[in-house]
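Residue numbers (my numbering): 365 to 632.
Positions of the beta carbon are idealized from the N, C-alpha and C atoms, including for glycine.
Just so it is clear, the structure is predicted and the values come from calculations on it, not from any experiment.
Below is one structure; the comments refer to it alone.
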């Protein structure tokens, strides 16, 4: 009986020891994250990277791991501007969070943008297509399609870019506010580049008279003004120039367009 009681007590003590060690390990993991945060805030980036790396080896919670990866990405990309190393971090994240649809869409999105910065446009295109497959609502799908279209533009595959943008417009997809008017603007820009002035005017008008923010509207408006000048539509050019003065921040650009209108008037 005493032997059984002794064994029971020994088992309880052993369980307590294991629990205590687990707590200590968890505390040590937390301490490493805190050390990393303090190092980062003090500008000691090498120390921060060291402690974040250790924390990743010890931490199992997905949310905490995601935060830690984001901190490492911030250091390597935003501070050090090391795109190659940042891509390595994002690739690790894409493997680790491949079952998390919202996170994997964002990760693919960022990988595609970094490939574009390296001018690796084929890799960028393929990654943005993977992001579109992971999109979880209209807004994320629109953003993926916009990135695909922009990558096609970089590759000078204008017809493919236009076809992608038309998918957004024809399906009446609901974009986030900052993307409102942007598909129409980019489509108008493509048609202008292809010297299809009628289509360029149509889509640039849609972008300019949309609920887009002033940045999109002003860019679309300037390009629309140029289309009017190319078509010698002086009255339309004058009208939009007066409107643009309210939203376009660069008076020098306005003066250049005004000089363009005067030249067209003189030619007439």
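Between residue i and the rest of its own chain, which residues show a CB-CB distance below 7 angstroms, the 5 nearest in sequence each way excluded?
i           : result
residue 562 : none
residue 480 : 488, 515, 518
residue 602 : 625
residue 525 : 513, 516, 517, 554
residue 615 : none
residue 504 : 469
residue 510 : 543, 546, 547
residue 390 : Caution is warranted here: a pLDDT of 46 is assigned to residue 390, below 50, making its placement in the model unreliable, and the coordinate value is therefore given only provisionally. Correct list: empty, nothing qualifies.
residue 420 : 429, 432
residue 498 : 465, 468, 469, 472
residue 380 : Annotation note: pLDDT 38 at residue 380 (below 50); position unreliable, no value reported.
residue 528 : 509, 512, 513, 516
For the candidate residues the options, whose alpha-carbon lies nearest to that of residue i?
i           : options            : result
residue 579 : 425, 608, 450      : 608
residue 559 : 582, 590, 577      : 590
residue 494 : 408, 507, 452      : 507
residue 360 : 405, 575, 462      : Lying outside 365 to 632, the shown extent of the chain, residue 360 is not represented and no answer is given.
residue 586 : 456, 398, 502, 621 : 621
residue 431 : 482, 394, 582      : 394
residue 557 : 540, 539, 520      : 520
residue 610 : 627, 581, 597, 599 : 581
residue 400 : 606, 416, 406      : 416
residue 565 : 410, 541, 597      : 597
residue 413 : 539, 398, 541, 537 : 398
residue 334 : 522, 523, 437, 502 : As displayed, the chain neither begins before 365 nor continues past 632, which places residue 334 out of reach and without an answer.
Identify, in the order they occur along the chain, each residue of the same chain with its Cβ nearer than 6 angstroms to the Cβ of residue i, setting aside the five sequence neighbours on each side.
i           : result
residue 386 : Residue placement at residue 386 is flagged as unreliable, the pLDDT there being 48, under the threshold of 50; the coordinate-derived value follows with that caveat. For residue 386, where only same-chain residues beyond five positions count, there are no Cβ hits under 6 angstroms.
residue 548 : 567, 570, 571
residue 383 : Bear in mind that a pLDDT of 48 at residue 383, under 50, signals an unreliable position, so the model cannot answer this.
residue 617 : none
Could you tell me the boundaries of the alpha helix (DSSP H) in which residue i lies?
i           : result
residue 510 : 502 to 518
residue 567 : 561 to 572
residue 614 : From DSSP, residue 614 is part of no alpha helix (DSSP H); its letter is neither H nor E.
residue 489 : 485 to 498
residue 481 : 465 to 481
residue 534 : 522 to 534
residue 607 : 598 to 608
Under 8 angstroms Cβ to Cβ from residue i, same chain only, skipping five residues before and after it: list those, please.
i           : result
residue 474 : 454
residue 604 : 572, 585, 588, 589, 592
residue 447 : 441, 478, 481, 482
residue 456 : 433
residue 458 : 468, 471, 472, 475
residue 594 : 561
residue 533 : 547, 548, 551
residue 338 : Since the first and last residues shown for the chain are 365 and 632, residue 338 lies out of range.
residue 492 : 472, 473, 476, 508, 511, 512, 515
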